[in-house]
Amino acid sequence: MTLIAEDLLLLLLDDEKGTVAASSYLQAALGGALLVELALAGSVEVEEKRGFWHSAKVRTTAAAAPQEPVLAAALATVAEKERGAQDLVGRLGKGVKDDLFASLERRGMVEQRRDKVLGLFPRTTWPAVDSTHEDAVRRALTAALVSGAEPDERTRALVALLDALGRAHRTVEHQGMSAGEVRRRAKALADGDWAAKAVKDAIAASTAAMTAAVAAGAAAAGSS
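With this note's numbering applied, the sequence shown corresponds to residues 598 to 821, in that order.
Below, the structure is given as structure tokens:
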């Protein structure tokens, strides 16, 4: 089974160019996805935020450590010391993109290509090789966002992350629905009472960090 972070990365990837959309806030997005995955596995719990100046804290639980190396490394970061959720999301996402792409390459979904821009600047891209899994993920998202099907927990978590990035409506074919209708459906699924408290708290903390990163990226783009 792929990680939620891997599925998110595939959905943000331009399959032909091998580059990733939303690169300015990709670190927060992948960190958020890892935090949510740990919460789904019962490996972490997120303290409920008690006020504007009080950041929600993340702690490990007594659950067994995950076997997947990227998740195990993420859990080790959580275990270092108690940190605020939004700070932790950034730490979990730092430098993890290449690890996730390497995992996807081992599964035969993407391949690494290295070249130089203008013959001078080194560049690594990850074009798609086999989109079978990505297509299945998109079908599940389309069923939930467009056809009204009841998604499983992992698909809902992915919807919540895409909604925080403002990209849920860009990920599926609308099939006659407006972009606004798809966005509203995504928000309803993300906000619904569907997950255990630890998972909901992890999603809330992750999406807050991602929303902040999206806003910061937009502000930087506007001032340039």
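All C-beta atoms, glycine included, are put in the ideal place defined by N, C-alpha and C.
Note that this is a predicted model, so its numbers are computed, not measured.
- By alpha-carbon distance to Leu701, the top candidate from Thr808, Ala812, Leu600, Val811 is Leu600.
- By the Cβ test, the stretch 661–675 is in contact with the stretch 623–639, since at least three Cβ pairs between them sit closer than 8 Å.
- Going by DSSP, Pro666 is part of the alpha helix (DSSP H) stretching over 666–677.
- A contact is defined here as three or more CB-CB pairs under 8 Å, and the stretch 802–816 meets this definition with respect to the stretch 621–629.
- Of the candidates Ile800, Gly687, Ser775, Ile800 places its Cα closest to the Cα of Ala757.
- For Glu770, the three-state secondary structure derived from DSSP is coil.
- Per DSSP, the continuous beta strand (DSSP E) segment holding Asp712 begins and ends at 710–714.
- Only buried fits Thr804, as 16 or more other CB atoms lie within 10 angstroms of its CB.
- Residue pairing by DSSP puts Gly681 in a beta bridge opposite Lys654.
- Counting the other Cβ atoms within 10 Å of the Cβ of Leu742 gives 16 or more, which makes it buried.
- In the three-state scheme derived from DSSP, where H, G and I count as helix and E and B as strand, Leu758 is classed as helix.
- The C-beta of Ala761 has 16 or more other C-beta atoms within 10 Å across all chains shown, which makes the residue buried.
- In this chain, Arg704 is not harboured by any alpha helix (DSSP H), its DSSP state being neither H nor E.
- Taking C-alpha positions only, Ala787 is separated from Gly716 by approximately 45 Å.
- Where Thr722 is concerned, the enclosing beta strand (DSSP E) starts and stops at 718–722.
- The C-beta separation of Ala783 from Ala765 comes to about 4 Å, placing the pair in contact by the 8 Å criterion.
- Judged by DSSP in its simplified three-state form, Leu600 adopts coil rather than helix or strand.
- Shown here for Ala795: same chain residues with a beta carbon closer than 6 Å to its own, the five before and five after excluded, namely Ala636, Glu642 in chain order.
- For Gly763, the closest of Gly789, Met598, Leu609 by C-alpha to C-alpha distance is Leu609.
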